[in-house]
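Protein chains: 2
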Amino acid sequence: MIGQDIIDRFRVILGDKGVITDASDIAPWLTDWRGRFHGHAAAILQPDSTEQVARTVALAAKIGVPLVPQGGNTSMVGGATPPPDGSALILSLRRMNRIRSLRAEDNLAICEAGVILANLHDAADQAGRRFPLSLGAKGSATIGGLISTNAGGTQVLRHGTMRALVDGVEAVLPDGGIFDGLDALKKDNRGYDVRQLLIGAEGTLGIITAASLRLVPAIAARAVGWAGVQSPADALALLRHAEAHLGNSVEGFEVIADDGLGHVLSHIPGTRCPIQTRTPWHVLIEVDHDSDRRPGPVERLESALADALEQGIIMDAAIAANEAQAEAFWRIRESLSEAERAQGPALQYDVSVPVARMPAFMTDAAAAAQRAFPGTTASSFGHLGDGNVHFHVRAPVGTTDGPAWIAAQGPAINAFVHDAVVAAGGSISAEHGIGQMKRAELGRLSSPARLTALRAIKAAFDPHGIMNPDKLIPRPDEG
Amino acid sequence: MIGQDIIDRFRVILGDKGVITDASDIAPWLTDWRGRFHGHAAAILQPDSTEQVARTVALAAKIGVPLVPQGGNTSMVGGATPPPDGSALILSLRRMNRIRSLRAEDNLAICEAGVILANLHDAADQAGRRFPLSLGAKGSATIGGLISTNAGGTQVLRHGTMRALVDGVEAVLPDGGIFDGLDALKKDNRGYDVRQLLIGAEGTLGIITAASLRLVPAIAARAVGWAGVQSPADALALLRHAEAHLGNSVEGFEVIADDGLGHVLSHIPGTRCPIQTRTPWHVLIEVDHDSDRRPGPVERLESALADALEQGIIMDAAIAANEAQAEAFWRIRESLSEAERAQGPALQYDVSVPVARMPAFMTDAAAAAQRAFPGTTASSFGHLGDGNVHFHVRAPVGTTDGPAWIAAQGPAINAFVHDAVVAAGGSISAEHGIGQMKRAELGRLSSPARLTALRAIKAAFDPHGIMNPDKLIPRPDEG
Chain D
1 MIGQDIIDRF
11 RVILGDKGVI
21 TDASDIAPWL
31 TDWRGRFHGH
41 AAAILQPDST
51 EQVARTVALA
61 AKIGVPLVPQ
71 GGNTSMVGGA
81 TPPPDGSALI
91 LSLRRMNRIR
101 SLRAEDNLAI
111 CEAGVILANL
121 HDAADQAGRR
131 FPLSLGAKGS
141 ATIGGLISTN
151 AGGTQVLRHG
161 TMRALVDGVE
171 AVLPDGGIFD
181 GLDALKKDNR
191 GYDVRQLLIG
201 AEGTLGIITA
211 ASLRLVPAIA
221 ARAVGWAGVQ
231 SPADALALLR
241 HAEAHLGNSV
251 EGFEVIADDG
261 LGHVLSHIPG
271 TRCPIQTRTP
281 WHVLIEVDHD
291 SDRRPGPVER
301 LESALADALE
311 QGIIMDAAIA
321 ANEAQAEAFW
331 RIRESLSEAE
341 RAQGPALQYD
351 VSVPVARMPA
361 FMTDAAAAAQ
371 RAFPGTTASS
381 FGHLGDGNVH
391 FHVRAPVGTT
401 DGPAWIAAQG
411 PAINAFVHDA
421 VVAAGGSISA
431 EHGIGQMKRA
441 ELGRLSSPAR
451 LTALRAIKAA
461 FDPHGIMNPD
471 KLIPRPDEG
Chain A
1 MIGQDIIDRF
11 RVILGDKGVI
21 TDASDIAPWL
31 TDWRGRFHGH
41 AAAILQPDST
51 EQVARTVALA
61 AKIGVPLVPQ
71 GGNTSMVGGA
81 TPPPDGSALI
91 LSLRRMNRIR
101 SLRAEDNLAI
111 CEAGVILANL
121 HDAADQAGRR
131 FPLSLGAKGS
141 ATIGGLISTN
151 AGGTQVLRHG
161 TMRALVDGVE
171 AVLPDGGIFD
181 GLDALKKDNR
191 GYDVRQLLIG
201 AEGTLGIITA
211 ASLRLVPAIA
221 ARAVGWAGVQ
231 SPADALALLR
241 HAEAHLGNSV
251 EGFEVIADDG
261 LGHVLSHIPG
271 TRCPIQTRTP
281 WHVLIEVDHD
291 SDRRPGPVER
301 LESALADALE
311 QGIIMDAAIA
321 ANEAQAEAFW
331 RIRESLSEAE
341 RAQGPALQYD
351 VSVPVARMPA
361 FMTDAAAAAQ
371 RAFPGTTASS
381 FGHLGDGNVH
391 FHVRAPVGTT
401 DGPAWIAAQG
411 PAINAFVHDA
421 VVAAGGSISA
431 EHGIGQMKRA
441 ELGRLSSPAR
451 LTALRAIKAA
461 FDPHGIMNPD
471 KLIPRPDEG
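Line by line, the protein sequences are chains D and A.
Mind the numbering: the first sequence is residues 1 to 479 in the UniProt record's numbering, read in order.
Mind the numbering: the second sequence is residues 1 to 479 in the UniProt record's numbering, read in order.
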């Protein structure tokens, strides 16, 4: 455990407000929000400015104290949890929560790392714009964490992941130097794009302190529809059909297996299937217009779905008649994880494969998992258009001790699913990152050239290993 | 100069067809296409496959022979010219010219590094798609070079630079390992994005051997218009107006100063100004539709320009009545560099600043340059919507010895213009890269943190300095 004398040296830089040492204040930040990873830290450092971050990191580098950067602590992979031995301090960016500027005419917001996503949404709304990335944790997740994990969500099809929305980055590198890359230049070919390295680096290469973020026009009108289809292949055919008819106004396209829908209808009060026919697969589709051009999104979506019905791509369809129905359609999608948890224990995977291979993956990998692990049921839902689904393998019916089942079967099922993903040319982490949870699997499943590159970059930026230790980079014994 | 014994070791890997040693065959590749940089090399190595590239690089690493990768040799900054002392060999990717696959339904082409851009355009056209990046050198420039320089062009406003169009990269790293990142995953958070590092690295971190490239729908209909405006600020107002009215169908938006237009009309036969009024500034605008939706692009552009005229944003406007007129409008833009050359000697800068600051930069920097260097005239033209213009400082009227003027005045004017760019928060290289030409200026004008990061990445990937030596990374005495 790091001693009081060392903490006092950080207090000189940060003042009393900038250093938390009370155990009860620290406790909530020592465990990830799903309660899977537990760590210890003698203090949370809370700088208030980029200058303070720079001085904090420079001191940490000088005396060899590792830092674990933390925003909203909403990592899905234990990426913000300190090591259990108390060898590191937490560096919280939450006090750096200023929106430095928001210029509607330039479609640009400059935010500090600790700005909470929902607060940026509100500020953009007030300026007649929007920031088109959202996810369940928006009330806690911070801009710094979202950039450091290259976050996704349900709007990636149209607007891309965080990487596509970041026009500039300010960061403190592991030697305490300030990388000033905030200027939002659309073209800049001055050598290696260091910003791109910091995006998705999970705080292992430096601390993102601020970012220039791209805004888009507010939504003027939207249409939300539901379609029943025979298979994931038909769902993909519907996506291509929708893109051809509706261009890039398709903002949401989520695929749901009928068993997942069934769990929602069973466990989530007040939900009902939007269509009469019970079909093997379902698609939720949203079309947005930024302007009031005619025909509006409802008419255009109606026409596209009618065509799809006529061509036999879909079996049934419905369009939300009003905003309340649109919300009800989306509530089904957003309740899937909760319904799955109510249904029983399951292992969940956040994986991607090339879009064209996704339909086959969804059906074949589920069937193969069920054969390999008798009694389990497997299915998937999510962002088909991004080639990213959340793949679930559920414990056999009647399993009462979920943690025991996961402990016994988890490693074999993990390896099975990840092997299937790699065989399909995919990624074992589509949007959640690596953190602690997937580090060993990344080591096992990466090519030597990829591992060499990851380790070389880490060693080049952080030779003393003080930035978010034990995250992302596989240990020597892990591949 | 590298000896025959060493070249013979590469011949074992590449065969006779893969090694060029005839001086007259080598000569054209020792000088950049503008004739500014001259080098020497005892051989050109021409591998035919990724496997051959890997073995070639592994041998070069083993025996410490630097390699200069080359595609179409169209660098604007001496980025593909070998060192003058003959200490390196040229590695040409031109034999790797296969389009491995092109799937219209997936909007994806997998191309080897040596595919010439115009050939990809043709192949995409035949499949009913297009690859939306083009530039003057398209008949020579190769995919590998375009990725390694993160090329731009006139379609960046809508489709982004090369970075936005590359969905996957295969490369040989400096130790000979093959980085297999070809799978086009829309979401992939497996640690640092090595592909992003290779894009724009100018061959200093490895050899790109193939790439997955994004295709877009073919253009169904286009409208090309010309508007006269009072100032760059009004040109930007017109862009914002057009974006509000025409959404993302604005594919081209080029700004031209009236003096530049004058040079075209004087020196390029058959050109005429598209509008009656002679205005201080001009805008070329293209609107494209991917589908046949109504109203078509001509009607929509007419309506947007009529509105702009009414609001006083523009002074005059014309829309091309047919495809021949559309070509004539574009010919003016594409003849600007040739007309400038005919007009007399000039120094040319490829710079970017944040879009919002570009109007002030265009007028203020030109005025300041003219004051600082009496007798010169300065103006700019180019991609206002990308914050990227080509800024020219012309020698005083009557200057007959251009090279002598450049030798005498070049360094001071370079420093003056680059300082103005940095003061405006911009980049001294918007789309041409650094190469040899801007290396010292990059060193002079970069923050210590940026230089440290560039050098650390280079050293991590290429510890023996065998990849494209003396390019991009400032030397120790250069900042």
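All C-beta atoms in this analysis are idealised placements derived from N, C-alpha and C, irrespective of residue type, glycine included.
query = Cβ of residue 429(D) less than 7 Å from any chain A Cβ?
reply = yes
query = If you drop the 5 nearest sequence neighbours on each side, which residues of the same chain put their C-beta closer than 7 Å to that of residue 315(A)?
reply = 228, 229, 230, 277, 279, listed in sequence order.
ask   = So with Cβ pairs under 7 Å, would you call residue 335(D) a contact of chain A?
value = no
Option nearest residue 173(D) by Cα separation, candidates 473(D), 476(D), 466(D), 471(D) = Check the Cα spacing between residue 173(D) and each of 473(D), 476(D), 466(D), 471(D): the tightest is with 466(D).
query = If we call anything under 7 Å between Cβ atoms a contact, is residue 378(D) one with residue 393(D)?
reply = Taking 7 Å as the Cβ cut-off, residue 378(D) and residue 393(D) qualify as a contacting pair.
request  = Identify whether residue 297(D) lies in helix, strand or coil by the three-state DSSP scheme.
outcome  = helix
ask   = According to DSSP, is residue 92(D) helix, strand or coil?
value = strand
task = Compute the Euclidean distance between the alpha carbons of residue 33(D) and residue 246(D), then round it to the nearest angstrom.
result = 39 Å
Exposure of residue 162(A), with buried meaning 16 or more beta-carbon neighbours within 10 Å = buried
key: Neighbour list for residue 482(A) in chain D, Cβ cutoff strictly below 8 Å   = Within the shown structure, residues of chain A are numbered from 1 to 479, placing residue 482(A) beyond reach of any answer.
query = Taking the beta strand (DSSP E) that residue 171(D) falls in, what are its first and last residues?
reply = 166-172
task = For residue 370(A), go through chain D and note every residue whose CB falls closer than 7 Å to its CB, in chain order.
result = Listed along chain D is no residue with a C-beta nearer than 7 Å to that of residue 370(A); the closest approach is about 25 Å.
inquiry  = Can you look up residue 33(D) in the DSSP assignment and give me helix, strand or coil?
reply    = coil
query = Name the residues in the segment 347-367 of chain D whose C-beta lies less than 8 Å from a C-beta of chain A; which are they?
reply = Contact annotation: in the segment 347-367 of chain D, residues whose CB is within less than 8 Å of a CB in chain A are 352, 353, 354, 355, 356.
key: Contiguous alpha helix (DSSP H) assignments of at least 4 residues, all confined to the segment 220-281 of chain A   = 232-246, 258-267
Per-residue DSSP class, three states only, for residue 209(D) = Residue 209(D) falls in the strand class under three-state DSSP.
request  = Under the assumption that residue 351(D) contacts residue 319(D) (Cβ atoms under 8 Å), give the Cβ distance between them as a whole number of angstroms.
outcome  = Between residue 319(D) and residue 351(D) the Cβ distance is about 31 Å, and since that is not below 8 Å, they are no contact.
inquiry  = Can you tell me whether residue 136(D) is buried or exposed? The criterion is at least 16 other CB atoms within 10 Å of its CB, across all chains shown.
reply    = In the assembly as shown, residue 136(D) is an exposed residue. Its beta-carbon has fewer than 16 other beta-carbons within 10 Å.
task = Pull up the CB-CB distance for residue 464(A) and residue 343(A), whole angstroms please, since I reckon it's below 8 Å.
result = That pair is no contact at about 47 Å.
ask   = From residue 421(D) to residue 281(D), what distance separates their C-alpha atoms?
value = 21 Å
task = Could you tell me the boundaries of the beta strand (DSSP E) in which residue 378(A) lies?
result = 377-383
request  = Starting from residue 57(D), trace the alpha helix (DSSP H) both ways and give me its first and last residue.
outcome  = 50-63
ask   = Under three-state DSSP, which class holds residue 370(D)?
value = helix
task = Answer yes or no: does any C-beta atom of chain A fall closer than 7 Å to that of residue 471(D)?
result = no
query = Going by the beta-carbon positions, is the gap between residue 215(D) and residue 151(D) smaller than 7 Å?
reply = In terms of Cβ geometry, residue 215(D) and residue 151(D) do not form a close pair [threshold 7 Å].
Selected residue, minimal CA-CA separation from residue 289(D), among 128(D), 223(D), 478(D), 9(D) = 223(D)
request  = Tell whether a beta-carbon distance below 7 Å holds between residue 19(A) and residue 43(A).
outcome  = yes
key: chain A contacts made by the segment 136-162 of chain D, where a contact means CB separation under 8 Å   = Taking a C-beta cut-off of 8 Å against chain A, the contacting residues of the segment 136-162 of chain D are 149, 150, 152, 156, 161, listed in chain order.
task = State yes or no: is the beta carbon of residue 197(A) nearer than 7 Å to at least one beta carbon in chain D?
result = yes
request  = Flag this pair as yes or no: are the beta carbons of residue 207(D) and residue 198(D) separated by less than 7 Å?
outcome  = In this structure, residue 207(D) lies away from residue 198(D), with their beta-carbon atoms at least 7 Å apart.
inquiry  = To be precise: take each residue of the segment 448-465 of chain A, compare its Cβ to all Cβ atoms of chain D, and keep it if any distance is under 7 Å. Which residues remain?
reply    = 448, 449, 450, 452, 453, 454, 456, 457, 459, 460, 461
query = Does the distance from the C-beta atom of residue 345(A) to that of residue 395(A) stay below 7 Å?
reply = Taking C-beta atoms as the reference points, residue 345(A) and residue 395(A) count as a pair closer than 7 Å.
query = Quick one: does residue 468(A) have its CB under 7 Å from some CB of chain D?
reply = No, residue 468(A) lies away from the interface with chain D (no Cβ there is under 7 Å from its Cβ).
query = Of the residues that make up the segment 386-401 of chain D, which ones have a beta carbon closer than 9 Å to any beta carbon in chain A?
reply = 386, 387, 388
query = chain A beta carbons: is any one of them nearer than 7 Å to that of residue 6(D)?
reply = no
For residue 357(A), the first and last residue of its enclosing alpha helix (DSSP H) = For residue 357(A), no alpha helix (DSSP H) run applies, since DSSP gives it neither H nor E.
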